[in-house]
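See below for the structure under consideration.
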Amino acid sequence: MYRIYKFKDVVRIPPERFGEDLKKVALDILREDYEGTVDRELGIVLTVTDVKIEEEGYILPGDGATYHEVEFSLIAFVPLRHEVVEGIVDNVNPKAGVEVNIGPINAFAHRSQLGDDRFIYDPATGSMVGERTKIRIKKGDKVRGKIVQVSYANEVRIGITMRQPYLGKIEDGGNGS
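Sequential numbering from 1 applies to the sequence shown in full-length UniProt numbering.
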């Protein structure tokens, strides 16, 4: 799920950026500070938008920079358990399963979670194949899954399942298997 958050903060404008457009400088600094950060509550911060900066700032003793109050918005991706997501298979791991690009991050579906079948790796095609159903899942396929695990330890990791009705590989008709 994508969310928009509104914040107030104070941004430090260094002396070497004086003379440049104040709003653009503030946007550059805020993007450098916030974009790509991960927070358990906020999710993965994708971008900073809608910057409003107070033209008149203040100076702190011993620092040549100016400080300005700002209001801005953050757009973040927040993976939620039980959320249904669609994405493109980015990688097929012969022993483990598939990585699915669901936007700003990849999710992982273990081979046991690819459908109601036993999936085995076919080295000739580089795909996972259902023994009974013959469903093939390969790099570039569009799939639908449900988030079953979200972990923020060390890095964000998302686990998905495709074992339920209407989940799995999306055929040309748009329905999951």
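Don't be surprised by glycine CBs; every beta carbon is placed ideally from N, CA and C. None of these values were measured; they are calculated from a predicted model.
- Neighbourhood of M128 by C-beta, 8 Å cutoff - its chain only, sequence neighbours within 5 removed: Excluding residues within five positions, the ones whose Cβ falls inside 8 Å are V92, G97, V98, R111, L114, F119, I120, Y121, D122, R136, I137, K138.
- Task: For the beta strand (DSSP E) containing I29, list its first residue and its last residue.
- Result: DSSP places I29 in no beta strand (DSSP E) but in the uninterrupted alpha helix (DSSP H) bounded by 22-34.
- Query: What does DSSP give as the partner residues of R12 in its beta bridges?
  - Reply: Paired residue(s): Y67.
- If R12 sits next to A65, beta carbons under 8 Å apart, how far is it from one beta carbon to the other, in whole angstroms? Their Cβ separation, rounded to whole angstroms, is 5 Å, which keeps R12 and A65 in contact under 8 Å.
- Message: Run through the DSSP bridge pairs and tell me what I44 is partnered with.
- Response: Looking at the DSSP assignment, I44 forms a beta bridge with V38, F77.
- Please confirm whether any heavy atom of the ligand FAD lies closer than 7 Å to the CB of R136. Questions concerning the ligand FAD fall outside what the structure shown contains, since it holds no ligand whatsoever.
- Task: Please work out which residues of its chain come closer than 7 Å, Cβ to Cβ, to P14, disregarding the five sequence neighbours upstream and downstream, and give them in chain order.
- Result: Result list for P14: A65, in chain order.
- Message: Using 8 Å as the threshold, is the C-beta distance between V25 and Y34 below it?
- Response: Taking 8 Å as the Cβ cut-off, V25 and Y34 do not qualify as a contacting pair.
- Message: Rounded to the nearest angstrom, what separates G19 and F77 at their Cα positions?
- Response: Rounded to the nearest angstrom, the two C-alpha atoms are 35 Å apart.
- Query: How many whole angstroms separate the CB atoms of V51 and K23, which I take to be in contact at a CB cut-off of 8 Å?
  - Reply: That pair is a contact at about 6 Å.
- Query: Mind checking whether V150 and G87 have CB atoms under 8 Å apart?
  - Reply: Taking a C-beta distance under 8 Å as the contact criterion, V150 and G87 do not qualify as a contact pair.
- Query: Does the distance from the CB of Y133 to the CB of V148 come in under 8 Å?
  - Reply: Going by the sequence as given, residue 133 is Thr instead of Tyr. Cβ distance not < 8 Å, so T133 and V148 don't count as in contact.
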